[in-house]
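Take a look at the structure set out below.
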Ligand code: CA
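Numbering (the numbering used here), first residue to last: 36 to 475.
Following this line, the structure appears as structure tokens:
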């Protein structure tokens, strides 16, 4: 192993501990093995800038670099390095390339290590570069030039096909041949914590000849993950499936809010439009593929064998435990309504990116790719209320009393996700949104 590979492997050592005690709690999402990137601001300095989560704190990378404790090298021009952390999005940093991401992650791993006194024993420096997470406001981590949403869970596609078409032929023939996707709306992607207004639109009631205009009555979540493109491709130059993971910066949790009644009326022939475009929520911390590497597992077997451009060697799924919680307005009691795992996904992120670009379509740094609703094999592992309640036919009991079919105004929905290691977890934090009444 080269020195670089050894240092990279050391960042993922399960035995590694930080001098920051909160990072060593086994249920903490942000141990020293994780080090996800985000954009934050705080009351004492309202400028949004790049931070890395560790325990219950954020390392201010702009302050750390200004203090001379963070190098950026690897053949990068001085112009490009300038102020790369003092920006309101991660795009400039991501554009520096994977060696730069890895270099920063390795330096932070060493600086935060329990055995390293440089920051541990320098109270004045800690005061300048460590921000309590509680006092910070998180922002959208990247400028998102484009957002694409896939439909890659076999269980989800089968459930939806059974409900809306024919249980005997739930999967259309193209589904098993390619990662089905559509171009979503990037402008309405919001960061966790942003309230979402119930959309208005056209609803086609079964006993009406024509649609009515009104507030969505079947508002839903979609439990998804998303990946952020870290290296784009030029127009006309597809990304090969075996190279695709080198183009991924990291992953987030994603809630693809969905208006089922609007969707059902509008989606033929061109797919969802207003039913999905009103909001998509993502979690604020981007967990790098380097941090996720120990949790790589084999993807489900694919039959029929995909066409050659969709084949890749090795393992391309990740073991990410996922949960959805619903908390009604006026109570502290949240009910966990679904538990599943990202490893069930049929099509991999690499296959999604290869398929997206096979036509010659270009991608750009910061592009967001949604996995599609992640549903598991059992009824308590479905990733949407549509499936959990079987289109409203089987209401869910809430721990706080009452039931739900679809989302009620004031409900707060939380997605959570983490990779479980031995004595630690590499977590995503949460992806939260509360529903406001429609603007009637
Ligand atoms: Ca979706």
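Backbone N, C-alpha and C define an ideal beta-carbon position, used for all residues, glycine too.
Contact belief for residue i with residue j at Cβ below 8 Å, rounded distance in angstroms
| i | j | result |
| --- | --- | --- |
| residue 148 | residue 238 | That pair is no contact at about 57 Å. |
| residue 313 | residue 234 | 4 Å |
| residue 185 | residue 405 | 6 Å |
| residue 65 | residue 89 | 6 Å |
| residue 138 | residue 108 | 7 Å |
| residue 177 | residue 263 | 6 Å |
| residue 194 | residue 410 | 6 Å |
| residue 345 | residue 276 | 6 Å |
| residue 198 | residue 43 | The pair is not a contact, with the Cβ atoms about 46 Å apart (cut-off 8 Å). |
| residue 290 | residue 454 | That belief does not hold up - the Cβ atoms of residue 290 and residue 454 are roughly 19 Å apart, past 8 Å. |
| residue 456 | residue 335 | Contact flag wrong, Cβ pair sits at about 23 Å. |
| residue 181 | residue 399 | 7 Å |
| residue 273 | residue 395 | 6 Å |
Residue i versus residue j - alpha carbon distance
| i | j | result |
| --- | --- | --- |
| residue 253 | residue 441 | 5 Å |
| residue 317 | residue 226 | 5 Å |
| residue 173 | residue 76 | 7 Å |
| residue 221 | residue 48 | 36 Å |
| residue 387 | residue 421 | 24 Å |
| residue 83 | residue 93 | 13 Å |
| residue 67 | residue 285 | 17 Å |
| residue 300 | residue 208 | 23 Å |
| residue 339 | residue 371 | 36 Å |
| residue 281 | residue 266 | 8 Å |
| residue 241 | residue 426 | 14 Å |
| residue 444 | residue 96 | 39 Å |
| residue 256 | residue 188 | 15 Å |
| residue 428 | residue 232 | 25 Å |
| residue 473 | residue 250 | 6 Å |
| residue 298 | residue 419 | 14 Å |
| residue 430 | residue 446 | 15 Å |
| residue 73 | residue 401 | 13 Å |
| residue 70 | residue 367 | 30 Å |
| residue 463 | residue 202 | 35 Å |
As assigned by DSSP and simplified to three states, the class of residue i
| i | result |
| --- | --- |
| residue 469 | strand |
| residue 196 | helix |
| residue 213 | coil |
| residue 326 | helix |
| residue 105 | coil |
| residue 120 | coil |
| residue 350 | coil |
| residue 275 | coil |
| residue 38 | helix |
| residue 82 | strand |
| residue 453 | strand |
| residue 258 | strand |
| residue 377 | helix |
| residue 182 | strand |
| residue 459 | coil |
| residue 190 | helix |
| residue 218 | strand |
| residue 244 | coil |
| residue 238 | strand |
| residue 345 | helix |
| residue 88 | strand |
| residue 412 | coil |
| residue 167 | strand |
| residue 207 | coil |
| residue 439 | strand |
| residue 250 | strand |
| residue 100 | helix |
Limits of the alpha helix (DSSP H) - the one that residue i falls within
| i | result |
| --- | --- |
| residue 152 | 152 to 155 |
| residue 126 | 126 to 130 |
| residue 162 | 158 to 164 |
| residue 270 | Segment: none, residue 270 is in no alpha helix (DSSP H) and carries neither H nor E. |
| residue 296 | 295 to 301 |
| residue 388 | 384 to 392 |
| residue 141 | 133 to 146 |
| residue 356 | Segment 356 to 362 is the beta strand (DSSP E) holding residue 356; no alpha helix (DSSP H) there. |
| residue 311 | 309 to 312 |
Contact test: residue i Cβ vs ligand 3 heavy atom, cutoff 7 Å
| i | result |
| --- | --- |
| residue 313 | Absence of ligand 3 from the depicted structure is noted, with ligand 1 being the only ligands included. |
Start-to-end residues for the beta strand (DSSP E) that takes in residue i
| i | result |
| --- | --- |
| residue 285 | 283 to 290 |
| residue 171 | 171 to 174 |
| residue 76 | 72 to 77 |
| residue 92 | 92 to 95 |
| residue 55 | Counting along the chain, residue 55 falls outside any beta strand (DSSP E), and DSSP gives it neither H nor E. |
| residue 420 | No beta strand (DSSP E) contains residue 420, which is instead part of the alpha helix (DSSP H) from 420 to 423. |
| residue 67 | Element bounds for residue 67: n/a, residue is neither H nor E. |
| residue 317 | 315 to 317 |
| residue 405 | 403 to 405 |
| residue 225 | 224 to 226 |
Exercise answer, beta-carbon shell around ligand 1 heavy atoms below 5 Å: Taken from the N-terminal end onward, the list reads 184, 257 and 291.
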